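Notes to accompany the following structure.
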Amino acid sequence: MSGKPIDGPPPLLLTGTPGERRRRLVDKLMTLLARLAAWLAVAVLAIVVGSVFVKGIGAFNLDFLTKNPVPFGQTGGGIADSIVGTAILVALATVMAVPIGFLIAIYTSEFARPSVANTVRFALDILNGIPTIVIGIFVFGVLVAGHTQSGFAGAVALAIVMLPLTARSAHEVLTLFPSSLREAGLALGLKRWRIVLRIMLPTAAGGLITGVVLGIARIAGETAPLLFTTSIFSNFGITTNVSQALPNIPVTIFTLSESPSPADHEQAWAAALLLILMVLILSVVARTFHERSRNRLRG
Amino acid sequence: MATRASPSSSSAGLFTTRRKLADRIGDPLLWGLAGLASVFGVGLLVWIAITVFQKADPAIVKYGFGFLVSKGWDPVAEHFGALDFIWGTLESSALALIIAAPISIAIALYLTELASHTVRRPIAILVELLAAIPSVILGLWGILVFGPFLNDHLEPALQNVLGWIPLFSGTPSPYGMLNAALILTIMVVPIVSAIAREVFETTPHDLKEAAYALGATRWEMVRMVILPYGRAGVTGAMILGLGRALGEAIAVTQVIGNTPGIHVSLFAPAASLAAQVASEYQGATTRLQASALIYLAAILLVISLIVNIVARLIVRRSAVHP
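See below:
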């Protein structure tokens, strides 16, 4: 930045009174520290993702993705059952959370008085702040205690994590909806519900989908809500029965990471590589998409 | 649209009646469904609180509020206390926040004031991606990579230089409070820096230019304009980050050691509320133990509700999200 005199006084450190020199020195120092902080964060990301990649790539192969786990003590095997389980859990949670989240967003952005809308959004922000392990305990108390763990209970817990995220992002997209379009609809004699369903949602579709994808990226890696709802698996092999506990990638990584065996650690790293690839790709795609749809809505 | 001429007038009539009917139900129906969904969302919050407290009730009845200040966790003797865990939660989160706050503010300042247009967005996205790493993976990295590094390099080095401070005494260990606090720092930084950046971006340009016009250096402008202007918002952001750290269960349970006890040394294993709940997910054998575990979750719920409500009120008042 030293080449840009517009941002501050001349860059020469040795001119001026001692007081001026000190001020410039402090300025340089603080600039350096801010730069270091930003690079530190990027470096930590690179180190964590790099470690997962280096340690996971060894066991990451077709067998790992397509085979089921082998009994304890044997080598080989894969996490096919966990991949299927996570897909089912995430899909089910998305189907539950998205309609309710969108309806809440329609209410807060279209129908509610500002004070009511603010109260609803405040409550959802607080819901978003509840530790996910407590949400796991809640679903355990309602659906698991007295029964057994089930994929359905796990999906409900993930849906509760996803609901406030979806509602908030949808609200933010829907409030960008140009009032000129709404007024054009009203002037043509269209009713509110038609404007919402036929004009508002299609116009905002890009932003809405972005929010959903970010929500999916978030819940795909959630472990805490699943510990009390779908973590104790009775049978080996791929199951699609949501009334039983479904094996899933996050809980598999968690239990493998607690194991003392290096072979299990290798599997944990490979599973972590799969999960981190999924999550990072979803996040990056959603964010790039987000910018584009936002710019389009703003015209 | 409804009165548009159509080749066949009878079908147009049918079309308009059906349309009118749909319009008559459509508005109240959508309004009702949307309102119902909102009531459900708000009600869910209450439902969660009631259920957690109900399930904790046997332990609340047996141990009362003394649970909050009693130490030890012995399932065999049915002696349960929450103090070790409350302390562990508060200490690990506070440490994480103390380390994360200056780093996050520096990142936010870098992104708003220093970074050129070409690197600004990529770096902002990379910092936010840090928040996207699933906590179980951060925990895995914490035990298998970061823990050994702490044990072999960082903790001995800290001890050499700062060993006279009791915090850095004791034997280095791959698990423990320091590991947990640093892993939490990694989780908190992206959250705080993202909100702080939004706050700093709202600083009026004329104020910044006024400071420059008075001959301020960039740092002096930051200190005299941006930081005071964003104080409330940044405070809110930090409390939100604290809320995130308090509730983290998985990564903490992987790296903190899960050994109840209050130690001065940061190297020593410890335990936290969320981590203890997560670590005993398969292990609760008696109804009382399960209930005591849920009592811990209830305490965590109350702490995080208070922290989040305070943070949201502050952030909202500072009008970051208009």
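Chains as they are written, first to last, in the working numbering: chain Z, 1 to 299; chain B, 1001 to 1322.
C-beta: ideal position from N, C-alpha, C; glycine also.
What you are looking at is a predicted structure, and each value in this text was computed from that prediction instead of being measured.
Exposed or buried, residue i, counting other C-beta atoms within 10 Å across all chains shown (16 or more means buried)?
i	result
Q1054 of chain B	exposed
R1018 of chain B	exposed
Q1282 of chain B	exposed
G299 of chain Z	Per-residue confidence for G299 of chain Z stands at a pLDDT of 48, beneath the threshold of 50, marking its modelled position as unreliable; the derived number appears in the next sentence. Per the 10 Å Cβ criterion, exposed.
A1157 of chain B	exposed
I219 of chain Z	buried
P131 of chain Z	buried
P1028 of chain B	exposed
S259 of chain Z	exposed
R292 of chain Z	exposed
D81 of chain Z	buried
T1285 of chain B	exposed
L241 of chain Z	The sequence given here has Asn at residue 241 of chain Z, not Leu. The residue is exposed, with fewer than 16 neighbouring Cβ atoms inside 10 Å.
S1318 of chain B	buried
F177 of chain Z	buried
H1079 of chain B	exposed
I195 of chain Z	buried
E183 of chain Z	exposed
T1217 of chain B	buried
N1338 of chain B	This structure cannot settle anything about residue 1338 of chain B, because the visible part of chain B is limited to 1001 through 1322.
L188 of chain Z	exposed
P99 of chain Z	exposed
V1061 of chain B	exposed
N1308 of chain B	buried
So which of the options has the shortest CA-CA distance to residue i?
i	options	result
A1037 of chain B	Z:V70, Z:G101, Z:V48 and Z:K28	Z:G101
I104 of chain Z	Z:T166, Z:V134, Z:A263 and Z:A93	Z:T166
G237 of chain Z	Z:L25, Z:P69, Z:V54 and Z:V48	Z:P69
A1210 of chain B	B:I1060, B:V1225 and B:L1301	B:V1225
T1112 of chain B	B:T1203, B:G1236 and B:A1270	B:T1203
D1084 of chain B	B:I1262, B:S1279, B:S1291 and B:A1298	B:I1262
G206 of chain Z	Z:R287, Z:H265, Z:V161 and Z:T239	Z:R287
G56 of chain Z	Z:G146, Z:P18 and Z:L274	Z:L274
F1146 of chain B	B:L1126, B:L1162 and B:A1181	B:A1181
Y1110 of chain B	Z:K67, Z:L32 and Z:G129	Z:L32
A245 of chain Z	Z:V44, Z:V251, Z:S231 and Z:A97	Z:S231
S1193 of chain B	B:E1091, B:T1235 and B:W1087	B:T1235
I1165 of chain B	B:I1133, B:F1267 and B:S1070	B:F1267
I160 of chain Z	B:E1280, B:V1264 and B:W1047	B:W1047
I303 of chain Z	B:A1124, B:F1149, B:I1303 and B:G1066	The first residue shown for chain Z is 1 and the last is 299, placing residue 303 of chain Z beyond what the model contains.
I1137 of chain B	B:A1101, B:E1155, B:G1176 and B:I1186	B:I1186
I209 of chain Z	Z:R192, Z:I249, Z:R168 and Z:G221	Z:R168
L277 of chain Z	B:P1134, B:V1222 and B:G1243	B:P1134
V1119 of chain B	Z:A38, Z:D27 and Z:E222	Z:A38
S1272 of chain B	B:F1200, B:I1086 and B:L1227	B:I1086
V173 of chain Z	Z:V84, Z:A184 and Z:T203	Z:T203
G1088 of chain B	B:L1246, B:R1312, B:F1200 and B:G1163	B:L1246
A145 of chain Z	B:A1056, B:Y1063, B:K1020 and B:T1259	B:A1056
R1024 of chain B	Z:L282, Z:W193, Z:T239 and Z:D264	Z:W193
L1353 of chain B	B:S1265, B:A1274, B:P1228 and B:A1311	In the structure as shown, chain B starts at 1001 and stops at 1322, and residue 1353 of chain B therefore has no counterpart that could be examined.
V1189 of chain B	Z:H265, Z:L282 and Z:A41	Z:A41
DSSP beta-bridge partners for residue i?
i	result
G1073 of chain B	Residue identity differs from the one stated: residue 1073 of chain B is Trp in this sequence, not Gly. DSSP, once it has assigned bridges, lists B:F1080 as partnering W1073 of chain B.
Counting only C-beta atoms, is residue i closer than 8 Å to chain A at any point?
i	result
T240 of chain Z	Included in the structure are the protein chains Z and B, with no chain A among them.
* To do: Using a Cβ-Cβ cut-off of less than 8 Å, list which residues of the region 1135-1160 of chain B approach chain Z; keep chain order.
  => The region 1135-1160 of chain B vs chain Z, Cβ under 8 Å: S1135, V1136, I1137, L1138, G1139, L1140, W1141, I1143, L1144 and V1145.
* Asked: Going along the region 1201-1213 of chain B in order, which residues come within less than 8 Å of chain Z, judged by CB to CB distance?
  -> Taking 8 Å as the Cβ-Cβ cut-off against chain Z, the residues of the region 1201-1213 of chain B that qualify are Y1212.
* What are the residues of the region 38-55 of chain Z that lie near chain B, defined by any Cβ-Cβ distance shorter than 9 Å? -> For the region 38-55 of chain Z, the beta-carbon criterion of a distance under 9 Å to any beta-carbon of chain B is satisfied by A38, W39, L40, A41, V42, V44, L45, A46, I47, V48, V49, S51, V52 and K55.
* Residue ranges of each alpha helix (DSSP H) within the region 139-172 of chain Z, 4 or longer -> Fully enclosed alpha helix (DSSP H) runs of 4 or longer: not present.
* Members of the region 17-34 of chain Z near chain B, C-beta cut-off 7 Å -> Going along the region 17-34 of chain Z in chain order, one finds R23, R24, V26, D27, M30, T31, L33 and A34 with a Cβ nearer than 7 Å to chain B.
* Under 7 Å (Cβ pairs) to chain Z, residues found in the region 1037-1053 of chain B -> Listed in sequence order: A1037, S1038, F1040, G1041, V1042, L1044, L1045, I1048, T1051 and V1052.
* Asked: For the region 217-237 of chain Z, which residues have a CB atom closer than 9 Å to at least one CB atom of chain B, in sequence order?
  -> Going along the region 217-237 of chain Z in chain order, one finds A217, R218, A220, G221, E222, T223, A224, L227, F228, S231 and I232 with a Cβ nearer than 9 Å to chain B.
* Ranges of the alpha helix (DSSP H) found wholly within the region 272-297 of chain Z, counting only runs of at least 4 -> Counting only runs of at least 4 residues, the region 272-297 of chain Z fully encloses no alpha helix (DSSP H) element at all.
* **Entirely enclosed alpha helix (DSSP H) segments - the region 42-96 of chain Z, minimum 4 residues** => Those alpha helix (DSSP H) runs which fall completely within the region 42-96 of chain Z and span 4+ residues are 62-66.
* Asked: Going along the region 1216-1236 of chain B in order, which residues come within less than 9 Å of chain Z, judged by CB to CB distance?
  -> Contacts with chain Z (Cβ-Cβ distance below 9 Å) from the region 1216-1236 of chain B involve A1216, T1217, R1218, W1219, E1220, M1221, V1222 and R1223, listed in chain order.
* When you check each C-beta in the region 145-175 of chain Z against every C-beta of chain B, which residues fall closer than 9 Å? -> Flagged, chain order: A145, I160, L163, P164, A167 and E172.
* Whole alpha helix (DSSP H) runs in the region 1212-1257 of chain B with 4 or more residues, listed along the chain? -> Runs found: 1218-1221, 1231-1247 and 1250-1255.
* Asked: Mind pulling the beta strand (DSSP E) runs of 3 or more residues that sit fully within the region 217-270 of chain Z?
  -> For the region 217-270 of chain Z, there is no continuous beta strand (DSSP E) assignment of 3+ residues that stays within its boundaries.
* To do: Give the residues from the region 1016-1033 of chain B that approach chain Z closer than 8 Å (Cβ to any Cβ), ordered along the chain.
  => Sequence-ordered contacts of the region 1016-1033 of chain B with chain Z read D1023, G1026, D1027, L1029, L1030, W1031 and L1033 [C-beta pairs closer than 8 Å].
* Using a Cβ-Cβ cut-off of less than 7 Å, give me the residues of the region 1301-1316 of chain B that come near chain Z, in sequence order. => Across the region 1301-1316 of chain B, CB contacts with chain Z closer than 7 Å involve L1301, S1304, L1305, N1308, I1309 and R1312, in sequence order along the chain.
* Asked: Which residues, taken in chain order from the region 1076-1107 of chain B, show a beta carbon closer than 7 Å to some beta carbon of chain Z?
  -> For the region 1076-1107 of chain B, which is checked against every Cβ of chain Z, the residues closer than 7 Å are I1103, A1106 and I1107.
* **Where the region 1173-1192 of chain B meets chain Z: residues whose CB sits under 7 Å from a CB there** => Of all residues in the region 1173-1192 of chain B, I1186 and V1189 have a Cβ within less than 7 Å of some Cβ in chain Z.
* Within the region 180-208 of chain Z, ranges of the beta strand (DSSP E) (whole runs, at least 3 residues) -> Secondary structure within the region 180-208 of chain Z: not one fully enclosed beta strand (DSSP E) run of 3 or more consecutive residues is present.
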